[in-house]
């Protein structure tokens with residue numbers, strides 16, 4: 003390499019605070035121009051962002067330091083870039099090369115025997131896609147429909163569930179619970195490119211990614227349709243492809259009608275979509291059936307179709323085709339009659355109010371499939387670790403239990419939590435009996451692994467405890483708190499940092515420790531001084547490292563961005579040896595607690611809580 007092309011700076015010395023601020027300013031201007039529908043200005047700003055050195059640096063840092071798939075190689079085998087290689091990649095993004103095929107990987111679907119295809123682009127292609135996403139996402143955040151919640155910053159599964167609850171808490175309705183068959187693999191690429199309506203250079207780049215092909219077992223397969231599930235930009239493209247379904251259904255039904263010379267408002271069908279799963283709500287069965295046909299016609303234009311085995315029509319209160327209620331995103335949504343007499347109880351009818359309508363209550367709780375799948379995962383961990391120490395088993399189980407409880411902490415989950423506490427306790431008791439099956443009795447095992455005394459302070463009977471240090475988290479200890487739905491008029495690109503920083507701290511999947519640190523730090527990272535945003539990877543750092551005598555306590559904890567944590571750990575001189583920009587050995591940060599809550603993993607393109 004010639005000295006002319008060698009950078010005069012090191013990766014760790016780049017002004018990241020200035021870079022992030024300048025890139026966000028451009029994104030905010032793109033968002034505002036898109037809100038005004040000023041397409042010429044949008045394209046002008048997008049070109050400026052794609053060509054900017056700041057944008058390229060941020061995209062490279064996103065895929066090489068922040069994303070979960072930073073250690074995953076494409077077909078070229080490149081992964082874990084050194085700081086010098088990152089700077090080289092920044093300069094290469096100025097002249098995008100021809101994309102390489104994606105590497106095919108098959109991952110198991112949760113609770114199913116079938117597997118999901120995953121396409122892993124090369125590191126250079128991922129960086130280029132991340133750069134294009136920085137420019138495209140603000141435009142489409144200004145255009146997306148209000149009830150679209152999947153693959154969007156600042157929106158989550160819980161917002162979709164709260165939107166369903168808001169439309170069901172007063173009136174029972176029929177529901178079309180639909181699922182799109184092979185959404186990522188069957189999207190019509192030409193229709194998608196026309197829908198993008200972007201400038202020619204960006205359109206050509208996206209088309210090349212879509213046509214790059216898939217390499218599996220040394221065989222190259224062409225990709226004539228679909229987007230590779232695994233690319234950084236694939237979730238955004240899928241969301242763009244499905245944009246417009248809600249508006250098409252709403253336009254098919256008038257908002258008002260004239261009855262006896264009086265204009266009356268009509269409740270139009272409500273469409274709530276999370277990624278490729280959506281539900282349509284309405285009071286009349288005929289309208290729901292008509293919506294199903296409209297959805298089929300609209301999806302056919304994008305090369306998609308409904309998966310009949312997972313698409314059904316049901317009612318939230320009464321039994322329709324033998325069922326009542328529906329499952330969505332791991333939750334079960336159903337309405338139950340309230341009053342002295344219920345349906346099916348000794349032939350009595352449901353209690354009706356003065357207006358003659360049935361009185362009911364809308365209950366949202368964990369679905370039976372989700373409970374069964376989670377318990378099976380916990381039981382497999384216990385059953386496959388018969389010989390490890392009790393404290394090690396507790397460390398394995400606690401993150402799984404806490405994460406699952408936090409996800410369902412916004413629903414009516416107390417009875418489910420109590421049931422799981424009972425089942426897990428039984429499973430752990432059998433685990434203890436199996437370890438001492440030849441020479442110890444049940445009483446000895448109970449005293450050895452559980453708290454059987456009522457005089458141990460904060461401990462309760464049958465707490466699974468290892469000595470006096472670690473205790474298994476109980477499901478029922480999780481506090482039930484109603485999730486506040488996101489303001490549909492707000493966007494992470496509108497510049498309201500205070501609103502979004504507060505929402506990050508109040509997200510149901512954020513543990514108490516992280517929420518307290520966010521509140522203490524007023525939503526800012528102590529290393530760079532910037533606000534935490536949706537999509538940022540946060541890590542708990544020890545101010546005084548544990549290797550130097552630091553303790554696990556709130557006064558010694560701080561919350562940092564993942565890349566900021568890496569920089570601090572490097573300064574502390576901890577971790578594994580690596581290579582610096584100048585070729586000298588430096589210390590790469592050790593793997594600490596990786597805390598990412600409520601955001602989609604950009605590699606999988608799926609909600610982290612459901613994988």
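Residue numbers (the numbering used here): 3 to 613. C-beta atoms are modelled at their ideal positions from N, C-alpha and C, and glycine is treated no differently.
(message) Between which two residues does the alpha helix (DSSP H) holding residue 24 run?
(response) 18 to 37
(message) Using a 10 Å radius around the Cβ and a threshold of 16 neighbouring Cβ atoms, would you call residue 490 buried or exposed?
(response) exposed
(message) Among the candidates 31, 75, 300, 390, whose CA atom is the shortest distance from the CA of residue 105?
(response) 75
(message) Here's a check: name, in chain order, each residue in its chain whose Cβ is nearer than 8 Å to the Cβ of residue 210, leaving out the five neighbours to either side.
(response) 100, 101
(message) Going by DSSP, what residue range makes up the beta strand (DSSP E) through residue 514?
(response) Looking at the DSSP string, residue 514 is not in any beta strand (DSSP E); the run it does join, the alpha helix (DSSP H), is 514 to 522.
(message) When you compare the region 28 to 43 with the region 142 to 155, are there three or more beta-carbon pairs, one atom per stretch, that lie closer than 8 Å?
(response) yes
(message) For a test of the three-state rule: what should DSSP assign to residue 242, helix, strand or coil?
(response) helix
(request) Compute the Euclidean distance between the alpha carbons of residue 519 and residue 555, then round it to the nearest angstrom. (result) 11 Å
(message) If I measure Cβ to Cβ from residue 107 and keep anything under 7 Å in the same chain, skipping five residues before and after, which residues do I get?
(response) 120, 122
(message) Considering only their Cβ atoms, is the gap separating residue 369 from residue 334 smaller than 8 Å?
(response) yes
(message) Could you pull the DSSP bridge partners for residue 364 from this structure?
(response) 337
(request) For residue 276, count neighbouring C-beta atoms within 10 Å of its own C-beta (all shown protein chains included) and say buried if the count is 16 or more, exposed if not. (result) buried
(request) Give every residue of the same chain whose Cβ lies closer than 7 Å to the Cβ of residue 164, excluding the five residues on either side of it in the sequence, and list them in chain order. (result) 485, 487
(request) Return the chain-ordered ranges of every alpha helix (DSSP H) run that is complete within the region 107 to 195 and spans a minimum of 4 residues. (result) 125 to 143, 159 to 170, 185 to 188
(message) Could you tell me which whole beta strand (DSSP E) segments of length 3 or greater appear in the region 515 to 567?
(response) 540 to 544, 559 to 563
(request) Tell me whether residue 15 is buried or exposed, calling it buried when 16 or more other Cβ atoms sit within 10 Å of its Cβ. (result) exposed
(message) Within the continuous beta strand (DSSP E) that includes residue 273, where are the two ends?
(response) 272 to 276
(message) Restricting to Cα atoms, I'd like to know which of 13, 396, 416 is closest to residue 89.
(response) 13
(message) For residue 1, report the span of its beta strand (DSSP E) as first-last.
(response) Lying outside 3 to 613, the shown extent of the chain, residue 1 is not represented and no answer is given.
(message) So, with DSSP's three-state summary, where would you put residue 474?
(response) coil
(request) Identify whether residue 80 lies in helix, strand or coil by the three-state DSSP scheme. (result) coil
(request) Report yes if the CB atom of residue 285 is closer than 8 Å to the CB atom of residue 173, and no otherwise. (result) yes
(request) Flag this pair as touching only if the region 235 to 243 and the region 191 to 203 have three or more C-beta atom pairs under 8 Å; answer yes or no. (result) yes
(message) Can you check which of these residues, 237, 71, 215, 221, is closest to residue 227 by C-alpha distance?
(response) 215
(request) Identify, in the order they occur along the chain, each residue of the same chain with its Cβ nearer than 6 Å to the Cβ of residue 323, setting aside the five sequence neighbours on each side. (result) none
(message) Taking the beta carbon of residue 502 as the centre, do at least 16 other beta carbons fall within 10 Å, making it buried, or is it exposed?
(response) buried
(request) Run the CB neighbour count on residue 212, radius 10 Å, all protein chains shown included, and call it buried at 16 or more, exposed below. (result) buried
(request) Excluding the 5 residues preceding and the 5 following residue 19 in the sequence, name in chain order all residues of the same chain whose CB lies nearer than 6 Å to its CB. (result) 530
(request) Could you work out which residue in 28, 543, 393 is closest to residue 469 when comparing CA atoms only? (result) 393
(message) Only counting the same chain, and skipping five residues up and downstream in sequence, which positions put a Cβ closer than 7 Å to that of residue 83?
(response) 66, 91, 125
(request) Would you kindly check if the distance between the Cβ of residue 231 and the Cβ of residue 186 is under 8 Å? (result) yes
(message) Rounded to whole angstroms, what is the Cα-Cα separation between residue 586 and residue 575?
(response) With a pLDDT of 36 at residue 586, under the threshold of 50, the modelled position of that residue is not reliable, and the figure given next carries that caveat. Each residue's Cα considered, the two are about 14 Å apart.
(request) Flag this pair as touching only if the region 131 to 138 and the region 43 to 60 have three or more C-beta atom pairs under 8 Å; answer yes or no. (result) yes
(request) Please state whether DSSP places residue 66 in a helix, a strand or coil. (result) helix
(request) Could you please give the first and the last residue of the uninterrupted beta strand (DSSP E) stretch that includes residue 280? (result) 279 to 284
(message) Which same chain residues end up closer than 7 Å to residue 78 when comparing Cβ atoms and leaving out the 5 residues on each side of it in sequence?
(response) 102, 124
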